[in-house]
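**Student:**
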Amino acid sequence: DINNNMVVFNIRDLEDELRPTAMYIVLNHIWNITRTDQRKRMLIVDEAWQLMKYDDSANFLFSLAKRARKYQLGLTTITQDVEDFVGSKMGRAIVSNSSMQLLLKQSASAVDVLAQVFKLTDEEQKRLANFPVGQGLFFAGQNHVHIQIQASDTEYNLINTNPVSQQIKPSDSPIGGYGAV
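Per our numbering: the sequence shown ends with 181, consecutive numbering throughout.
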């Protein structure tokens, strides 16, 4: 139901070549609703790198990032493939337009790319390549801080996709919760 507090558009089962088009249609629909019914909302675009592969969808996401705040829409883009995301002109523009960024553990090649985009220190680069689950770098303006994310049981169950760890509750952990994003 589009009027629920949380609405998920799941396009996971679509063929790979149809996903960017489906994401574009969904985002356009959400944008039309946002402009006509202005109230505080949060739009989370997972696997945003897929939109960066095509100029039209990359430009649309960038335009959304630039205009969303005016319509009380918060925008979060999520990607596990940051090289593809920041490798595009629009991806870099979206990152530079963002007020906050969160980076979790990255491959060595991704760290090299991110070091340029985020102006990482040598220490931040080392940390980013070696963080355990739940730790990362958080950026707000020019401030870079090391963070530990602790999910509550509810948050963990909402975001966890690992079938093995779905059997373990975060509260069973000796640290009282799992870091997850």
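We put the beta carbon where it would ideally sit given N, CA and C, even for glycine.
Output the boundary residues of the beta strand (DSSP E) element that contains Ala140.
**Tutor:** That run of the beta strand (DSSP E) goes 135-140.
**Student:** Measure from the alpha carbon of Thr21 to the alpha carbon of each residue in Ala140, Gln150, Trp49, Ser57, then state which is nearest.
**Tutor:** Nearest C-alpha to Thr21: Ser57.
**Student:** Between Phe139 and Gln101, which are expected to be in contact by the criterion C-beta below 8 Å, what is the C-beta distance as a whole number of angstroms?
**Tutor:** Between Gln101 and Phe139 the Cβ distance is about 4 Å, and since that is below 8 Å, they are a contact.
**Student:** Note down, one range per segment and in chain order, each beta strand (DSSP E) of at least 3 residues found wholly within the stretch 17-68.
**Tutor:** Those beta strand (DSSP E) runs which fall completely within the stretch 17-68 and span 3+ residues are 41-45.
**Student:** Using the beta-carbon count (16 or more within 10 Å), is Phe9 buried or exposed?
**Tutor:** Answer is exposed; the Cβ neighbour count stays below 16.
**Student:** If you follow the alpha helix (DSSP H) that Leu120 is part of, which residue opens it and which one closes it?
**Tutor:** It is not in any alpha helix (DSSP H) - Leu120 carries neither H nor E in the DSSP assignment.
**Student:** Just confirm the distance between the C-beta atoms of Phe62 and Ala108, as a whole number of angstroms; I'd bet it's less than 8 Å.
**Tutor:** Not really, about 28 Å apart at Cβ, beyond 8 Å.
**Student:** Under three-state DSSP, which class holds Met260?
**Tutor:** Because the chain here runs from 1 to 181, residue 260 falls outside it and cannot be looked at.
**Student:** Just verifying my parser: in three-state terms, what is the DSSP assignment at Asn4?
**Tutor:** Looking at Asn4 - three-state DSSP - the assignment turns out to be coil, as it is neither helix nor strand.
**Student:** From Gly136 to Trp49, what does the alpha carbon distance come to, in whole angstroms?
**Tutor:** When rounded, the distance between both Cα atoms is 20 Å.
**Student:** Taking 9 Å as the cut-off, decide whether the C-beta atoms of Gly74 and Arg41 are in contact.
**Tutor:** Yes, the pair counts as a contact, with Cβ atoms nearer than the cut-off.
**Student:** For Leu14, does the count of other Cβ atoms within 10 angstroms reach 16, so buried, or fall short, so exposed?
**Tutor:** It counts as exposed.
**Student:** Using CA atoms only, rank isn't needed, just tell me which of Phe60, Asp1, Lys53 is closest to Ile25.
**Tutor:** If we check each option's Cα against that of Ile25, Phe60 comes out closest.
**Student:** Quick one: Cα of Pro132 to Cα of Ser88, how far?
**Tutor:** Answer to the nearest angstrom: the Cα atoms are 28 Å apart.
**Student:** Report the three-state DSSP secondary structure of Thr79 (helix, strand or coil).
**Tutor:** Of the three classes helix, strand and coil, the one that applies to Thr79 here is coil, per DSSP.
**Student:** Once you ignore the five residues that flank Gln38 on each side, which residues in its own chain have a CB closer than 8 Å to its CB?
**Tutor:** Same-chain partners within the cutoff: Tyr71, Gln72.
**Student:** Got a sec, what are the start and stop residues for the beta strand (DSSP E) Ile147 sits in?
**Tutor:** Start and end: 143-148.
**Student:** Looking only at its chain, what residues have a beta carbon closer than 6 Å to the beta carbon of Asp122, apart from the 5 residues adjacent to it on each side?
**Tutor:** Taken in chain order, the list of residues that qualify is empty.
**Student:** Can you check which of these residues, Phe85, His29, Arg19, is closest to Val7 by C-alpha distance?
**Tutor:** When each option's Cα is compared against that of Val7, the closest is His29.
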